[in-house]
Each structure stands twice: as C-alpha cells, then as structure tokens.
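Enquirer:
Protein chains in written order, with our numbering: chain B, 1201 to 1801; chain V, 5 to 346.
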C-alpha cells in the first residue's frame, strides 16, 4: 500500500513540478522601468527592488519585522550610550560579484560617496539629516566650504581600528532603519574608482549631484548580494542571476527577471499564461484577479497594511498670482483656509466610510494624525473627524466670524489628472459643502458657496504645489523608512514635503498645553509652524521610546485639532502571485520582492 | 527625375529645422518648474530639490540658448540623452527602429497583398455575396478599436490557448543573447537569426510577430480594399477592358493583366503611405503586444516631456516622411509611365 502511495505522491510531485514554467526562474511584470542602478542616486521603487537584491547594507530587516534588525555586511554593531555613535565590525570573507573582497574601507567609501553625491531629489537627505543636521550637502558646503563639508563627512563616517564608526549629529532612533535602506548599499571602492567614480579626495564637486547618466554606476552593478546583474535593457527587462559565491547559502532561484509591461491587459495575459510569477495589479483591476484566486490559479496576500497614505492638504495662505486664490464674499482671500472652523467643516463634510468603500474598494482606514498604524507614535485612541453634516454646518456658521456663511466663499480643490480616487474625494467635498447653499438660501443668503474641483496634469500639479499655489490638494505619501519621523516631517515640519506648501506660519500666537507629553511646559509659540517644528525635533531626538511615542501622540493630536488635513487614510495593499511561488512574506519596509527568500514549487 | 529627387532631398534640412524649432517652441511654453517636476518620481522630499533640478538641467535658460546648444551637438552627431529610453537618443533610435522596421516590413506583406486581393475579389464579385462578405469582414477590422481587438487576440491566443506569445522573443533567446550565443547584427531578430544560422530563434521571433502583424493588417485591410475595389470597378468599366473581353481573353487575364495594373496607381500611393505610417511606429499595437518599438517609446517620451527623445524621433520622422513620399512618387512614375516627375 505505502509504496504505491509513495509512488503516486512522487508522480504527482513530478507532474506538479512539470506544470511550473521555468521552475528556477522567477519573473515579475512591472508597469515602469527603474531609473538607475547607482544606490546613492536611485529613489524609486523599481530601482530599489533591483538594488536590494544585488547589493547589501550593513544591517537588514529581520524577516517581516520593521523594528528588528539582523547583521548583514556588519558582523555586529554597538551603539554608544548617548545614541550618537554607531560602531560596526565588518564581516570578513565576503566577496563582491566581480571578485573584490569586502573591506571596512569599502563601507566608509560607500557612505561618504553617497553623502557627497547627494543628487537633487534623491534619497541622501535621509542620511544627511542625522549625520550632519542638514538636508543637502550643498547647503552645508555653502556654510563651511567644500573642504569643510568633506572634513565633516569624513568625521561623521570613519575607520577606527578596522571598525566603521558613524557619528550622528544628534541621537536619532530611526538611523538604523535608514541604514537598512537600499541607498546605503555597500559598493566596491576599487571597482567604483576604476570606473571613474569619486576618487575619495576632498575634490568631490565633479561627482556631486550628477545627472542619472553621468553617474558611473548608472547601468552597472557589483554588489555582494544574492543575485548578480545579468542585463538591463531599459524599457524592456532587467535580469539577475544567482550569485554562486554568496557568503550565505546561495539563493534557490537561479534567475530573476523583471519585465516592463506597461499595459495591464498584457500583464494579466502573461499571468494567465504562466509567463509571469507576479504582476503589478493596479487597485482598479483587482476584480479581474478575484476569479483566478477563487479558481486556485492565483494566490492573494492581503489586504495588508501599506506604508502609504492618501491625504487632502489645506494651504493656509495661497500665494499671490495663483489662479486658485480662494474668495470670501466675492473678494480674494488668500488665507481663507487659515480659519480653523472652515477646515473643520471640510473634515466633518467628508464621508470617509463612503470614500473608502467606493474609491478604495474598502481597502483603507482613516488615521488620526500623520503617523500611520503599525508605527511608533500612532495613537489608536486619537479621535478623528467623522462624517457629520450638522457639525459641519455649525463650523461653517462660525468660519470667519460668520462671514463665510453669510457672504459665501469660493475655493478650488485640485487633484492630478487621471487619479480617480482623489477626484472622488474632491467631488464628495464639493457636493457636501455646496449642500449648505440650500439652507443658506432659505435664510436669505444668496451669494453661493462654490467648491470647484479641478484636475491638473502631474507636472503642473507638482510645480503649483511647490509654489504654494494650490488651496486644497490631494497627494499620497509613500514611507521611506519605517519610523514616525518619516510621517511628521513631511506633514508638519517647516521644510517638509507637504508642510512647505501649507503655510502654517499664518497662524500666530499659538498656545500649547500638552495632553500626552505632560513634561513639556505649556507656552505660547509665535506661530503654529514654530510649535510643530519644535515638537518634531524633540521627537526625532528623543532616545526614550516611551517619551518619543508620547511626543508623536502630541503631534498627531495637534494635526487633528488644527485640522491641517482632510481625508487622511492609510491604504491597504495586495500581492498576487502564482500558486507555485513560495517563501514570500510581507515587510512594508521592503521596496519590492526580496528574491533570496523566494522559490517555486 | 533626378533633379526632382535632389530637390526633394534638399528640402529635408529645412523641414528638420522647422520641425525642431516647433518642438522646442512647444516645450518652451512650459515653465521650468513644470519641466523639473518630471525629474522627480514623486513629491520632492526637500525644499530645494526643484530649484536644484532646474539649475542642473538648465531648464531656466532662454529657449534660444538651449536650441543653439542642441543644434551644435546635433551637428557633432550628439542628439543628447533620452530620459525615457535611459540611453543616448541616437542609441535609442538605433535600438527601437530596427524592431519597428522588422514589424513594419513583415506586416506590410499581408497588409498589401491580402488587402489588394480582397479589393479585387470584391470588385469582380460586385454586389454579390462575396463582395458584401469581404467588405463586412474588412469593415469590422476598420471600425473595431485596435486596442480592444489586440487585447482579445492576446487573451485568446496567448493567455487561454497559449499558441502565440507576446513580446519580441522568448526568455531563452534573451538568455542565449546574454551568454553570447546569439549575435545581434541588425537588431531585427528574424534577420539576425538567419545570419546566426538559428532556425529556432527565427521560428521564435516569427511566432512573436504573428499577433501584432495580424492586428495591424486587419486594421488596414478595409482601407486598401476600398481603394482597390473602387479603382478596379472604374477600370473594369473602361473600354479597353471590354475590348479585351471581346477578344475572348479569359476573365483571369482580363482582370489581373489588363485591369489590375492600371487600378494599382492610387493603391500604390496609399500602400506607400501605409508603410511610412508603420515605420513611424504603431503605439497601440506595440504597447498591447509589449513590443519594444519606436511607437511605444515615442509615446512615452511625448507624455513625459522627454524633449530630446521627442526631437530625435521628430528628426527620424522627417527623414522617413521625405524619403517615403519620394519613394511613392517614383513608384507612381514606374507604374504609370504617363507620369513625369518634374
């Protein structure tokens, strides 16, 4: 009996194996191509996916944990008591793909090179902030000169007794997360220099802020990772092959191919034909995958909490000359949205349940304050604005001392062309706020409240946002590293990606009384921006996790109390893969698939 | 005729100058910051990012300075860097053009021969069942959006039946190429397969071409059918055709030897223009079948304001247009000796 069962099992196994196309080759079909293979230059998910399979960092995330780390190219590390000095012992016996040995000098060179390269719009501001307390190396060089900046970089990252010592400008708990990012990948110094990259001297300008194609590592790669770059044909595919000399056990997959297939229908067909193991599935098309999952022809992971949010932003003072200057009673009023009652009215008028159900197919959740669920400082008890037209009406009646209600106002909500979810949110606000015109008309107020919804092409949208020309705008944020600082900085800090376009300084004489961080003194700040800035800095430098958490609670509370945003939601994500793909796990900090853990069977 | 050809060729630089001036002018309408926004993947993370990008790429420089610099580089054979192709423009053109040429040349064969054959068939069976059937068949292709039609082909023949693949070649060919076992000479896999003596690669490349060719052909058949049919109907009513018939010649000889040749004059013009159109790249077909050709790249370059990429494409297009029209004119003169090129 048993031999027969065994034989049958073996036969089924063989048949099963035979059904898996290219069992040792893993293929993903992507929508778009990567930008660069230079770890210090890239700042897009596609490049990061390739880079973190080819290169390695000093430390890496421990499986699916975003706050636990394992040594990678560092054999071990120590952190000084004040949290400022990180000392790394570098692993021995590790070889780069082209044969070079990994040395501590390579580590020092890689990090210094990244700091000095710092391309505009790139990822290195994340490293510059904790190491040198600046957001760009050019900014530092302006103050201390090129050589001064170089010396400071060398002081921040240096070799001491064969160990790599990194000294931070201030204690910065998320530093280890930043160090695990693909932009901190370690490259072979000799190899890079032989290609004509930075020569390690104080003359770093020629290699600073290069165009993509001018980086010597633009389309070549030589890491220590589990896969080697085989070929990158831009616009078509990137192929990797297994690194047989990997310092750990070699990967189970022999080959990995990332194909660029912009058309959704073609990607779906590739999946159905078995020519792609994983495909990018835009949210609008998830319904097309459901029958495949039901039929056992696809596996679906999710919905999983994504490290991504969608938010509406209020600009407290629209700049002069903007075509979107709000009006109060028919007269231009650039700071119309500086009124807290008006912002709260918009928040109460937003039906989040319907928005999430209809626009996001139920796969999102509202968040109270910038920090998303699953991160330190997210306060599950933080109240949020729930849909309530009565409260919205009350707030509207209070806005601008009742003038907004009596005289009417006009504001334009913008979103980028083609983004139907953002359009949905904007139109919901339009409908629900303009609804009050009926009530106002009965009271004899005939000048209407006008909410205009306008779409703008992405370049126009981004440029106008940067110029503070938009009044209410919807944008998304994808986390760079798994820490609350990466949320409160863009949403609240003076130079943050969104805060910069919101003019919080308009609100003056702000009295602050702590609710969570009770050790802070109650005091009056010159502006709301000053309050936000101080708390953001205090939180990022706080080494005590409990205290840091309370500081982030405080920031979230303030964001909600001051209603700086509307419809702030965290998105859930899905992954679809062929039934034979094994080993994948979810770590929201990974840019894409870490193929080392994948196999087919 | 030679003077005519030279005159037409001399027009080329002027045309190129005007086209590039137009493209540059169009892009100059956009403020520097809007163009800078295309260099960042998402919202800029630092406050000075946009300004630094503007300075780095010289986006705030006066348009005439940018144009003169580009022209200077062009004369040195440097067309600049294409952001969307991630390679120099010249290299991008050299990479994508052979793929499109390969598709166009293979597609034009069924487009012309089947189209003309259907037209003749339709004309000689005028107002009979075959005429109606043929016209309906071709009109369906003409009126059906190629986008939907192509996707249907992909779903049926690729996803479900798994008879035909998408892309240019299979993964094993790419691996063979990466390992140095297959040398690229022309960039056209069907030709290179012959030059490498690899029948398996040739068969593979041809299999990949079947669906895009059929899609392109089906769209164009209606046009050729209509022109051939009306031209044939007109010719078949001519007195010399009736004379041929009255001489007792077989219907086959009358139609194909006497009528068809004269009926081909307007058809030749359309066929030439069709070929030029195909050589410009076919955006939808190339996208649906994930065929990395000129059309797909040019569309991406245009939507992402890849100025240098668009300019490179425009240059190639100008050349193709002038040479293609010239070719049609010459063909015209060959088919109809009464026409003199002056």
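C-beta: ideal position from N, C-alpha, C; glycine also.
Note that the structure is predicted; figures quoted are calculated from it, not measured.
Looking at the secondary structure, which residues open and close the alpha helix (DSSP H) in which residue 12 of chain V lies?
Expert: As a first step, residue 12 of chain V is located in the second chain; it is residue number 8 there, counting from the start. From DSSP, the alpha helix (DSSP H) with residue 12 of chain V extends over 6-32.
Enquirer: Can you list the alpha helix (DSSP H) stretches of 4 or more residues lying completely in the region 268-309 of chain V, in chain order?
Expert: Scanning the region 268-309 of chain V for uninterrupted alpha helix (DSSP H) segments of 4 residues or longer gives 287-292, 298-307, listed from N- to C-terminal end.
Enquirer: Could you pull out every residue in the same chain whose Cβ sits closer than 8 Å to the Cβ of residue 1802 of chain B, ignoring the five residues on either side in sequence?
Expert: Any question about residue 1802 of chain B goes unanswered here, given that chain B covers just 1201 to 1801.
Enquirer: With 16 other CB atoms within 10 Å as the buried threshold, where does residue 1389 of chain B fall?
Expert: As a position in the first chain, residue 1389 of chain B is number 189, starting the count at 1. Only buried fits residue 1389 of chain B, as 16 or more other CB atoms lie within 10 angstroms of its CB.
Enquirer: Measure the alpha-carbon distance for residue 89 of chain V versus residue 1319 of chain B and round it to whole angstroms.
Expert: Position 85 of the second chain, counting from 1, holds the residue named residue 89 of chain V. Position 119 of the first chain, counting from 1, holds the residue named residue 1319 of chain B. Rounded to whole angstroms, residue 89 of chain V to residue 1319 of chain B spans 20 Å at the Cα level.
Enquirer: Name the chain B residues whose beta carbon is nearer than 7 Å to that of residue 167 of chain V?
Expert: Start at 1 with the first residue of the second chain, and residue 167 of chain V comes out as number 163. None at all; the shortest Cβ gap to chain B is about 10 Å.
Enquirer: Which chain B residues are close to residue 54 of chain V, counting only those with a beta carbon under 7 Å from its beta carbon?
Expert: Walking along the second chain from the start, residue 54 of chain V turns up at place 50. Near residue 54 of chain V (Cβ distances below 7 Å), the residues of chain B are 1666.
Enquirer: With contact counted as at least three CB pairs below 8 Å, one residue from each stretch, are the region 252-268 of chain V and the region 158-173 of chain V in contact?
Expert: Flag = no, the region 252-268 of chain V and the region 158-173 of chain V do not touch.
Enquirer: On the CB-based measure, 16 or more other CB atoms within 10 Å of its CB, does residue 1777 of chain B come out buried or exposed?
Expert: For this step, residue 1777 of chain B is matched to residue 577 along the first chain. So residue 1777 of chain B ends up on the buried side.
Enquirer: What residues from chain B crowd round residue 155 of chain V, counting only those whose CB sits closer than 7 Å?
Expert: For the purposes of this step, residue 155 of chain V is taken as residue 151 along the second chain, with counting starting at 1. Result: 1465.
Enquirer: Where in the region 1682-1712 of chain B do unbroken runs of the alpha helix (DSSP H), each at least 4 residues long, occur, reported from the N-terminal end onward?
Expert: 1685-1692
Enquirer: Measure from the C-beta of residue 173 of chain V to each C-beta in chain B and report whether the shortest distance is under 7 Å.
Expert: Numbered from its first residue, the second chain carries residue 173 of chain V at position 169. Taking Cβ atoms only, chain B never reaches closer than 7 Å to residue 173 of chain V, which makes this a no.
Enquirer: Which word fits residue 133 of chain V, buried or exposed, when buried means at least 16 other C-beta atoms lie within 10 angstroms of its C-beta?
Expert: In the second chain, residue 133 of chain V corresponds to position 129, counting from 1. Under this definition residue 133 of chain V is an exposed residue.
Enquirer: Cβ closer than 7 Å: which chain B residues qualify as neighbours of residue 77 of chain V?
Expert: Position 73 of the second chain, counted from the first residue, corresponds to residue 77 of chain V. Residues of chain B passing the Cβ test: none, with the nearest at roughly 14 Å.
Enquirer: Is there a Cβ of chain B sitting closer than 7 Å to that of residue 250 of chain V, yes or no?
Expert: Mapped onto the second chain, residue 250 of chain V falls at position 246. By this cut-off, residue 250 of chain V is not an interface position.
Enquirer: For residue 102 of chain V, count the other beta carbons within 10 Å of its own beta carbon; 16 or more makes it buried, fewer makes it exposed. Which is it?
Expert: On the second chain, position 98 is the one that residue 102 of chain V refers to. It is buried - the Cβ of residue 102 of chain V has at least 16 other Cβ atoms within 10 Å.
Enquirer: So, at 7 Å on beta carbons, what are the nonlocal neighbours of residue 1347 of chain B in its own chain, with the 5 sequence-adjacent residues on each side left out?
Expert: Here residue 1347 of chain B corresponds to residue number 147 of the first chain, with the count starting at 1. 1402, listed in sequence order.
Enquirer: Provide the residue(s) that pair with residue 1722 of chain B in DSSP beta bridges, ordered along the chain.
Expert: Translated into positions along the first chain, residue 1722 of chain B becomes position 522. According to DSSP, which records beta bridges pairwise, residue 1722 of chain B is partnered with nothing at all.
Enquirer: For residue 65 of chain V, which of helix, strand or coil comes out of DSSP?
Expert: If you number the second chain from 1, residue 65 of chain V lands on position 61. Residue 65 of chain V: coil per DSSP, three-state reduction.
Enquirer: Considering only the beta carbon of each residue, do residue 1682 of chain B and residue 1690 of chain B sit closer than 7 Å?
Expert: Your numbering for residue 1682 of chain B matches position 482 in the first chain. Your numbering for residue 1690 of chain B matches position 490 in the first chain. Taking 7 Å as the Cβ cut-off, residue 1682 of chain B and residue 1690 of chain B do not qualify as a contacting pair.
Enquirer: Which residues bound the beta strand (DSSP E) around residue 1271 of chain B?
Expert: Position 71 of the first chain, counting from 1, holds the residue named residue 1271 of chain B. Start and end: 1269-1271.
Enquirer: Taking the straight line between their C-alpha atoms, what separation do you get for residue 1236 of chain B and residue 1247 of chain B?
Expert: Counting from one through the first chain, the residue named residue 1236 of chain B turns up at place 36. Counting from one through the first chain, the residue named residue 1247 of chain B turns up at place 47. Whole-angstrom Cα-Cα distance: 6 Å.
Enquirer: Going by DSSP, what residues sit across from residue 1656 of chain B in a beta bridge?
Expert: For the purposes of this step, residue 1656 of chain B is taken as the residue at position 456 of the first chain. BP columns for residue 1656 of chain B point to B:1616.
Enquirer: So, does the region 1411-1423 of chain B touch the region 1329-1342 of chain B, judging by three or more C-beta pairs under 8 Å?
Expert: no
Enquirer: In terms of residues, what are the limits of the beta strand (DSSP E) holding residue 1174 of chain B?
Expert: The requested residue 1174 of chain B is not part of the displayed model; chain B covers only 1201 to 1801.
Enquirer: Taking contact to mean 3 or more Cβ pairs, one atom from each stretch, closer than 8 Å, check whether the region 1363-1378 of chain B and the region 1230-1245 of chain B are in contact.
Expert: no
Enquirer: Would you say residue 145 of chain V and residue 232 of chain V are within 7 Å of each other, going by their C-beta atoms?
Expert: Taking the first residue of the second chain as 1, we reach residue 145 of chain V at position 141. Taking the first residue of the second chain as 1, we reach residue 232 of chain V at position 228. No. Outside cutoff.
Enquirer: Quick one: what does DSSP say residue 1778 of chain B is sitting in, helix, strand or coil?
Expert: For the purposes of this step, residue 1778 of chain B is identified with residue 578 of the first chain, where counting begins at 1. Shown here, residue 1778 of chain B sits in coil according to DSSP, grouped into three states, outside any helix or strand.
Enquirer: I want to verify the contact list: residues of chain V whose CB lies under 9 Å from the CB of residue 1658 of chain B, in sequence order.
Expert: Taking the first residue of the first chain as 1, we reach residue 1658 of chain B at position 458. Per Cβ cutoff of 9 Å: 41, 42.
Enquirer: Can you list, in chain order, the residues of the region 82-104 of chain V whose Cβ is nearer than 7 Å to any Cβ on chain B?
Expert: From the region 82-104 of chain V, only 85, 89, 90, 91 have a Cβ closer than 7 Å to chain B.
Enquirer: What number of angstroms, rounded off, separates the C-alpha of residue 258 of chain V from the C-alpha of residue 129 of chain V?
Expert: Your numbering for residue 258 of chain V matches position 254 in the second chain. Your numbering for residue 129 of chain V matches position 125 in the second chain. Cα-Cα distance, rounded: 14 Å.
Enquirer: Comparing alpha-carbon positions, which option in B:1297, B:1715, B:1605, B:1661 lies nearest residue 1638 of chain B?
Expert: Reading the first chain from its first residue, position 438 is the one you call residue 1638 of chain B. Of the listed residues, the one whose Cα sits closest to residue 1638 of chain B is B:1605.
Enquirer: To the nearest angstrom, report how far apart residue 1644 of chain B and residue 1529 of chain B are at their CA atoms.
Expert: Counted from its first residue, the first chain places residue 1644 of chain B at position 444. Counted from its first residue, the first chain places residue 1529 of chain B at position 329. Here the alpha carbon of residue 1644 of chain B sits roughly 14 Å from the alpha carbon of residue 1529 of chain B.
Enquirer: Confirm, please, whether the CB-CB distance from residue 35 of chain V to residue 58 of chain V is below 7 Å.
Expert: Position 54 of the second chain, counting from 1, holds the residue named residue 58 of chain V. Position 31 of the second chain, counting from 1, holds the residue named residue 35 of chain V. Not closer than 7 Å, so no.
Enquirer: Quick check on residue 1266 of chain B: does DSSP put it in helix, strand or coil?
Expert: On the first chain, residue 1266 of chain B is found 66 positions in, with the first residue counted as 1. It is coil, neither helix nor strand.
Enquirer: So, does the CB of residue 1325 of chain B fall closer than 7 Å to a CB anywhere in chain V?
Expert: Here residue 1325 of chain B refers to the residue found at position 125 when the first chain is read from its first residue. Residue 1325 of chain B counts as touching chain V.
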